[in-house]
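Have a look at the structure below before the remarks.
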Amino acid sequence: MTPVEIIRGDGPIVLGLPHTGTGLPDDVMVRLNARGRGLDDTDWHIHRLYDGLLPDATTVRATFHRYVIDANRDPSGANLYPGQNTTGLVPLTDFDGHDIWETPPDSEEIEDRRQRFHAPYHAALQAELARVRERHGIAILYDCHSIRSEIPFLFDGILPDFNIGTNMGTTCDPRIEAATRDICSSAAGYSSTVNGRFKGGWTTRHYGHPEDGLHAIQMELAQSTYLTQETAPWTYDEAKAGRLRSHLRTILTTLAKMAPELKGAS
Numbered sequence: 001m002t003p004v005e006i007i008r009g010d011g012p013i014v015l016g017l018p019h020t021g022t023g024l025p026d027d028v029m030v031r032l033n034a035r036g037r038g039l040d041d042t043d044w045h046i047h048r049l050y051d052g053l054l055p056d057a058t059t060v061r062a063t064f065h066r067y068v069i070d071a072n073r074d075p076s077g078a079n080l081y082p083g084q085n086t087t088g089l090v091p092l093t094d095f096d097g098h099d100i101w102e103t104p105p106d107s108e109e110i111e112d113r114r115q116r117f118h119a120p121y122h123a124a125l126q127a128e129l130a131r132v133r134e135r136h137g138i139a140i141l142y143d144c145h146s147i148r149s150e151i152p153f154l155f156d157g158i159l160p161d162f163n164i165g166t167n168m169g170t171t172c173d174p175r176i177e178a179a180t181r182d183i184c185s186s187a188a189g190y191s192s193t194v195n196g197r198f199k200g201g202w203t204t205r206h207y208g209h210p211e212d213g214l215h216a217i218q219m220e221l222a223q224s225t226y227l228t229q230e231t232a233p234w235t236y237d238e239a240k241a242g243r244l245r246s247h248l249r250t251i252l253t254t255l256a257k258m259a260p261e262l263k264g265a266s
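Next comes the structure, spelled out in structure tokens:
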């Protein structure tokens, strides 16, 4: 299987999509148990949700599922959230803490998957960010995610609708965070937070170097904002998604228009 799909645009925004893929190579499929084969922890329909919102954006999308290997984890296996429940480079459990493997991968298998899937995705993402920065003098990586709004194993209570992550303001110019925060906080009927439970995954932290003209911000959406329900069959709700897309379009359009101002500050 081809591990990454790229759609090149001429604008300053690059959309990263590390968790929308559902591809499972045969050698991985046969080792998952029934629960793992349900693929419950997919960022369901996120590529559809963002499709066409910013026509000149570049899109880099992983086609493989996060159970193969998680494209938003440190390839060294380091924990992004010490002291909190999370899943690793190759998850051994789902987000509810349940085993997903009949035969868990060993270190050799994990390294093989890193080379086959994780590395090509990030090589593509890095190349597109370099191309966009060369063209504009700046590149803004907007990393697109979603998750169920209630997962006691990972966090208490109900997750806000918009979860903005900039690793405590270090991965992008403050104006990017502020603009995104203001749009989300003013969106009627939605809740939002900045650097709450999700502060930005490895992708955001790895590529976000504002001093070099590379800015990164993560958006983790509660799936209740665009799915009919947060259980199988994970149905895309056109009405909910339509309302949400209007706010996402505003965010992306605002950041794209902001890019020339940020160029001089890099």
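Position 30, counted from 1, in the sequence shown is what our numbering calls 30; the numbers after and before it change by one each time, with no gaps.
Ideal Cβ positions, reconstructed from N, Cα and C, are used throughout, including at glycine.
| query | result |
| --- | --- |
| Any beta-carbon of chain C closer than 7 Å to the one on L255? | You won't find chain C in this structure, because it holds only one protein chain. |
| Taking the alpha-carbon positions, what's the R135 to A188 distance? | 36 Å |
| To test your reading of the DSSP string, which unbroken beta strand (DSSP E) runs of 3 or more residues are found completely within the stretch 182-210? | 192-194 |
| Report the three-state DSSP secondary structure of I158 (helix, strand or coil). | coil |
| So, for C144: in the same chain, excluding its five sequence neighbours on each side, which residues have a beta-carbon less than 7 Å away from its beta-carbon? | L15, G16, L17, I46, Y50, M219 |
| Please work out which residues of its chain come closer than 7 Å, Cβ to Cβ, to N33, disregarding the five sequence neighbours upstream and downstream, and give them in chain order. | D99, I100, W101, E102 |
| Would you give the residue range spanned by the alpha helix (DSSP H) that G21 belongs to? | Segment: none, G21 is in no alpha helix (DSSP H) and carries neither H nor E. |
| Assuming E177 and T166 are in contact, meaning their beta carbons sit under 8 Å apart, how far apart are those beta carbons, in whole angstroms? | 5 Å |
| Just how far apart, CA to CA, sit D156 and Q84? | 11 Å |
| Using only the alpha-carbon positions, how far apart do I7 and D106 sit? | 34 Å |
| Candidates P210, H118, E108: which alpha carbon is nearest V4's? | H118 |
| What three-state label does DSSP hand V4 in the structure shown? | strand |
| Pick helix, strand or coil for D56, following the three-state DSSP scheme. | coil |
| How is the beta strand (DSSP E) around A232 delimited, first residue to last? | Where A232 is concerned, there is no enclosing beta strand (DSSP E), given that its DSSP letter is neither H nor E. |
| Between which two residues does the beta strand (DSSP E) carrying A139 extend? | 139-147 |
| Can you find at least 3 beta carbon pairs, one from the stretch 23-37 and one from the stretch 56-70, that sit closer than 8 Å? | yes |
| Given this structure, state the Cα-to-Cα distance separating S191 from T225, to the nearest angstrom. | 10 Å |
| Applying the 10 Å Cβ sphere with the 16-neighbour rule, what's the burial state of G38? | exposed |
| List, from N- to C-terminal side, the alpha helix (DSSP H) runs of 4 residues or more that fit wholly inside the stretch 19-50. | 26-29, 34-37, 46-50 |
| Roughly how many angstroms lie between the CA atoms of R133 and R181, to the nearest whole one? | 24 Å |
| In terms of DSSP beta bridges, what is D99 paired with? | T93 |
| Could you tell me the distance, in whole angstroms, from the CA atom of G201 to the CA atom of I138? | 21 Å |
| Look at the Cβ atom of L248, then the Cβ atom of L125, and state whether they are nearer than 7 Å. | no |
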